[in-house]
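So the structure is just underneath, and the comments pick up after that.
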Amino acid sequence: MTTITLQHAAPAPARTRTLLALVAAASPLWAAVSLAQAFTRDGYDLTRHPLSVLSTGSLGWLQIANFLVCGLLTAAGAIGLRRALHGAPGGTWAPRLVAAYGLGMVAAGVFVMDPADGFPVGTPAGAPTTMSWHALLHLASGSIAFIALAAACFVLARRFARAGDRTRAVLSRFAGTAVALGNLWAMSGSPAASLALAVGVITGMLWISAVAARLRATAL
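Residue numbers (mature numbering (1 follows the signal peptide of the UniProt record, and there is no 0)): -31 to -1, 1 to 189.
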């Protein structure tokens, strides 16, 4: 049933497969680069600092580039999703939401967070007393991206459910719920909020990449 769910009547053009490959690669790349920095940069603590704060400091350019590359790959790859899902339930909104998520990541790379809570090393402990305009825009961009990401997962869940693919429908709902709960936890200010946000968002991101990779594989 899985093959029927994702297979096209005819092989997809090479350009569509290339675009799907961009989406498939974007999230694992972002997660790998972010987590590598999280475990190696002095003063960073994933239970206290969001991954976005890695955009600050002398090596901040690396995380900025990570946001930009991931966002651009995702936004461009959403065109491949639209082509691959054309005519199917969710074939309109899922690609649009993935594109919005990608563009939100680009904006999050352009507008950088402020140093906070001891990171980079030398920054005073605790949250900043004031926030810069670019930090506010970063938070807005991130919120838009994560809302779009969660929504895309739920739209895909509906698509899979209608196609009779219960396993992927459940996985899509799980991914969307993980993103939503991670965001709610982060907004609550509860302990380890940044860790919960990272786990939730990366779960959703990787699921979108997995769906794109499956679409590409069945389109060959």
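Virtual Cβ for every residue (Gly too), placed ideally from N, Cα, C.
DSSP assignment within the stretch 1 to 53 yields the following whole alpha helix (DSSP H) runs of 4 residues or more, N-terminal first: 29 to 53.
The closest CA to that of A138, considering only F123, N152, G151 and A149, is found on F123. Around the beta carbon of F36, 16 or more other beta carbons lie within 10 angstroms, which makes this residue buried.
Distance from the Cα of W176 is smallest, within the candidate group G60, R142 and S24, for R142. Around G111, the same chain offers A77 as residues with beta carbons nearer than 6 Å, after the five sequence neighbours per side are excluded. About 6 Å separates the beta carbon of R17 from that of D86, a gap short enough to meet the 8 Å contact definition.
DSSP places A85 within a strand segment (E or B) once states are collapsed to three. Between the alpha carbons of S21 and A7 lies a gap of roughly 10 Å. When secondary structure is reduced to three states using DSSP, H55 falls in the coil class, being assigned neither helix nor strand. Taking a C-beta distance under 9 Å as the contact criterion, A144 and T187 do not qualify as a contact pair. By the neighbour-count definition (other C-beta atoms within 10 Å, threshold 16), A68 is a buried residue. Judged by DSSP in its simplified three-state form, V180 adopts helix. Taken in chain order, the complete beta strand (DSSP E) segments of 3 or more residues contained in the stretch 98 to 180 number zero; there are none. If the five residues before and after T43 are omitted, its C-beta is found closer than 7 Å to the C-beta atoms of V(-9), A(-6), V67, Y70, G71 and M74, all from its own chain and listed in chain order. Per DSSP, reduced to three states, the secondary structure at T61 is coil, with no helix or strand assignment.
Secondary structure of A(-6) (DSSP, three-state): helix. Distance check between L54 and each of P160, A161 and L(-12) places L(-12) closest, using alpha-carbon atoms only. No Cβ-Cβ contact shorter than 9 Å links R52 with P(-4).
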